[in-house]
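Numbering (my numbering), first residue to last: 10 to 331. This report refers to the structure that appears directly beneath it.
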């Protein structure tokens with residue numbers, strides 16, 4: 010699916026109308042939101058005279074992404090009060106972490122559950138990553154630089170789980186190939202993903218795997234991480250990225266669940282599947298995401314109660330065996 014030329018025109022007009030631009034990435038950032046944001050940042054710095062900032066409100070960022078161009082430019086606070094906002098890979102405006110009332114927003118995303126909160130919404134659920142959307146959008150506006158291609162490719166690699174999920178198709182590989190032609194180095198990017206894990210990430214993984222429990226005839230796997238696990242290992246949220254995929258990798262498992270209990274009493278739930286639409290489960294709890302990768306956060310239920318409720322929803326929705 011191609012991006013509507015009218016949307017491209019609207020985006021270009023908005024950018025041209027502002028002297029300053031703020032690129033926002035979502036809380037608890039993953040490589041897609043950061044790679045998309047940094048890719049756009051690289052293009053705007055290379056081809057415009059605008060004042061540009063890139064911001065993430067989270068306390069910590071994924072350290073293994075520090076190889077990305079302009080990574081060190083990411084700030085925790087917005088300095089521009091009247092800038093154009095470009096939101097990256099964020100289905101809800103609340104997940105950006107700032108009060109954006111009255112602001113012009115270009116909303117770049119690929120979540121079907123996106124709330125269309127932008128002044129201009131460029132949302133393509135058919136695309137495998139927000140970076141794929143951003144690349145196809147901004148290549149019509151500016152020549153794509155090597156720095157930008159590196160960021161977009163990194164985001165695409167991550168959100169497709171190394172080109173293994175159901176959204177991967179011919180167009181995804183076409184985009185990947187174009188980004189390589191533009192200067193992205195697949196070997197270097199892959200090395201930074203697979204060979205730069207922190208010690209804390211391995212320690213928290215060990216504790217999570219020790220909690221593994223199987224339900225519904227072994228077709229649902231549940232992992233848990235408690236506050237004491239986080240404290241004992243020194244793990245940050247980025248260190249826990251990808252843990253749920255270990256549960257999904259089991260041969261008999263069709264749906265994997267990871268519950269991360271935080272000190273403030275909230276529980277972050279990640280859902281993964283091998284084809285079942287787990288976004289329907291997330292939606293029941295006010296969350297969202299994609300068919301095979303979704304999540305939500307609760308603050309008024311105990312972990313076992315959450316597990317029992319999720320299992321009931323999976324059964325009610327017929328996500329296992331139909």
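C-beta: ideal position from N, C-alpha, C; glycine also.
For the pair residue 169 and residue 153, the CB atoms are not nearer than the 8 Å cut-off.
For the set 128, 46, 39, 84, the Cα lying nearest the Cα of residue 23 is the one of 128. Taking all protein chains shown into account, residue 233 has 16 or more neighbouring C-beta atoms within 10 Å of its C-beta and is therefore buried. The DSSP-derived three-state label of residue 194 is coil. Minimum Cα-Cα distance from residue 100 among the listed residues 126, 84, 93 corresponds to 126. For residue 322, the uninterrupted alpha helix (DSSP H) segment begins and ends at 312-326. CA-to-CA, the gap between residue 263 and residue 120 works out to about 22 Å.
A Cβ-Cβ contact shorter than 8 Å links residue 315 with residue 307. Between residue 84 and residue 47, the alpha-carbon positions lie close to 12 Å from each other.
Taking one beta carbon from each stretch, the segment 66-84 and the segment 133-153 have fewer than 3 pairs nearer than 8 Å; the two do not touch. In the three-state scheme derived from DSSP, where H, G and I count as helix and E and B as strand, residue 270 is classed as strand. In this structure, 30 is the residue among 268, 30, 277 with its C-alpha nearest to the C-alpha of residue 93.
DSSP places residue 277 within a strand segment (E or B) once states are collapsed to three.
By the criterion of a C-beta distance shorter than 7 Å, residue 259 is surrounded in its chain by 230, once the five residues flanking it on both sides are discounted.
Leaving aside the five residues that flank residue 201 on each side, the residues in its chain whose CB is nearer than 7 Å to its CB run, in chain order, 73, 76. Taking the Cα of residue 330 as reference, the smallest distance to any Cα among 241, 225, 148, 312 is reached at 225.
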